[in-house]
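There are 2 protein chains.
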Amino acid sequence: MNDNRSRLTKAAQEIVQRNGFKGLSFRTLANEIGIKSSSVHYHFPEKSDLAQELIEQYSEHLALELDEIAAKPISLKRKISSFIKIFEMVAKADNLCLCGMMAAEVGELNQSNQQYLRDFFLMLERWIVVQIEAQPDELKTQMAPSQLAKTMLSGLEGALLVDRVVGNHQRLNAQKELYLALFK
Amino acid sequence: MNDNRSRLTKAAQEIVQRNGFKGLSFRTLANEIGIKSSSVHYHFPEKSDLAQELIEQYSEHLALELDEIAAKPISLKRKISSFIKIFEMVAKADNLCLCGMMAAEVGELNQSNQQYLRDFFLMLERWIVVQIEAQPDELKTQMAPSQLAKTMLSGLEGALLVDRVVGNHQRLNAQKELYLALFK
DNA sequence: GTCTATATACAGATAGAC
DNA sequence: GTCTATCTGTATATAGAC
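Chains as they are written, first to last, in my numbering: chain A, 1 to 184; chain B, 1 to 184.
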């Protein structure tokens, strides 16, 4: 898929993860791939159409990665570690999670976009819960899986946010240490 | 202090915590208090001047609150609980932390603004470490205080971010439960 | 599908009167 | 300190030619 539509979403995703959704303009996006802004409007009539596709693609891509991890015959701890590794890759690129970034800008999004954003976070939390419930004996804490999932997800999102400003990965590393210690 | 300058910073803070720094325009800010945008420029020549004052005021206000908490003859657990309560008040207003919001928009800020933002987060983390070191026997975990401070702060920032999108306070509550359990 | 050209709105910022 | 008026740049979005 090297057509302009997919080149647009790819470039747009990078811009949003770095500069935010408000930091993405049809003009700069068009320049990025060498077309005009009116051509971007051909593919995505309104900016909210682009937002929708970005959130959908990001969610689907992540869901596929998580499916692969879940299917492996490995310890729960290693599954959680793989989950955290996804955030570490984002941090390495000095980005935020696409949806974490858009969460900060939720007021600029229409109702449909907001729903997709919500579903993204709930999907990630549900994945954690499902993994724990499949291998419950490997959990070392008495914390309820759903509570654990909520702290872990929001903790990782916050770590990306603060670490990028401070300029290191200390908070993400600390979150990793904290949560991995809860699994055998 | 009911002069226009302080009315401006007060209104600006609310707008940034709700809509972000890019969501704050001199025009709408001026309208908010009934003056013209050119008058806003009299008080804050450039937008970065306003950003600077916002971060400084927010930091100073929070530092004063934390000083008061630290001075009380109460348990470490109650001090941490009071710390978390500050975030709960922000969540109750459906806002983000001013600096958490601006952290997402760090690319729009100049170097000076970014330094003040960094200092804000480091100040909060340092406060947690100092409180723990003053009452070390009341800590139930073997986690290093600096590690604990980093996870707690970024966890709370992330909880505000995700909870606002999802529409409840479950993540902040979960973070609270997780961290309070680490103190006697 | 992409282009040129344009409409409309709003952004940050400045000059100069009062 | 605040105003009117304006400059300049950029944003989303659309019409219509190719």
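Where a beta carbon is used, it is the ideal one built from N, C-alpha and C, also for glycine. A quick note: this is a predicted structure, and the numbers were derived from the prediction, not measured.
Query raised in the report: Anyone know if the C-beta pair for B/G158 and A/S112 falls short of 8 angstroms?
Result: no
Query raised in the report: Would you say A/N19 reaches chain B, if we count a Cβ-Cβ gap shorter than 8 angstroms as a contact?
Result: yes
**Report entry** Proximal chain A residues relative to B/M143, where beta-carbon distance stays under 9 angstroms
**Finding:** A174, E177, L178, A181
**Report entry** Where B/L182 falls: helix, strand or coil (DSSP)
**Finding:** coil
Requested in this report: Taking A/E105 as the query, report the chain B residues whose CB atoms sit under 7 angstroms from its CB, ordered along the chain.
Outcome: G20
Query raised in the report: Is A/D163 buried or exposed, if buried means 16 or more other CB atoms sit within 10 Å of its CB?
Result: buried
Query - Contacts that A/M101 makes with chain B (C-beta to C-beta distance below 9 angstroms) - result: A104
Query raised in the report: Is the shortest distance between the beta-carbon of A/R126 and the beta-carbons of chain B less than 8 angstroms?
Result: no
Query raised in the report: Can you name the start and end residues of the alpha helix (DSSP H) that B/S154 belongs to?
Result: 145-166
**Report entry** Local conformation of A/L98 per DSSP, three classes
**Finding:** helix
Query raised in the report: Counting contacts by CB-CB distance shorter than 8 angstroms, is A/L161 in contact with chain B?
Result: yes
Query raised in the report: Counting contacts by CB-CB distance shorter than 8 angstroms, is B/L24 in contact with chain A?
Result: no
Query raised in the report: Using DSSP with H/G/I as helix, E/B as strand and the rest coil, what is A/L139?
Result: strand
Requested in this report: Leaving aside the five residues before and after B/S59 along the sequence, list all residues of the same chain whose C-beta is less than 6 angstroms from its C-beta, in chain order.
Outcome: F120
Query raised in the report: With distances taken from CA atoms, which of B/S82, B/M102, B/L96, B/M89 is nearest B/D67?
Result: B/S82
Query - Simplified DSSP state of A/L24, which is helix, strand or coil - result: coil
Query raised in the report: Hey, would you say B/R118 sits closer than 8 angstroms to A/V166, going by beta carbons?
Result: yes
Query raised in the report: Can you tell me whether DSSP reads A/H169 as helix, strand or coil?
Result: coil
Query - Closer than 8 angstroms at the beta carbon, the chain A residues around B/G34 - result: Chain A residues near B/G34: none, gap ~23 angstroms exceeds 8 angstroms.
Query raised in the report: In whole angstroms, what is the alpha-carbon distance linking A/C97 and A/A144?
Result: 25 angstroms
Query - Where A/L117 falls: helix, strand or coil (DSSP) - result: helix
Query raised in the report: Where do the ends of the alpha helix (DSSP H) carrying A/S39 lie?
Result: 37-43
Query raised in the report: Are there three or more Cβ pairs, one per stretch, closer than 8 angstroms when the segment 3-21 of chain B is compared with the segment 44-54 of chain B?
Result: yes
Query raised in the report: Mind checking B/N19: buried by the 16 CB within 10 Å criterion, or exposed?
Result: buried
**Report entry** Three-state secondary structure assigned by DSSP to B/D219
**Finding:** With chain B represented from 1 up to 184, any question about residue 219 of chain B goes unanswered, as that position is not in the structure.
Query raised in the report: When you check each C-beta in the segment 57-76 of chain A against every C-beta of chain B, which residues fall closer than 8 angstroms?
Result: none
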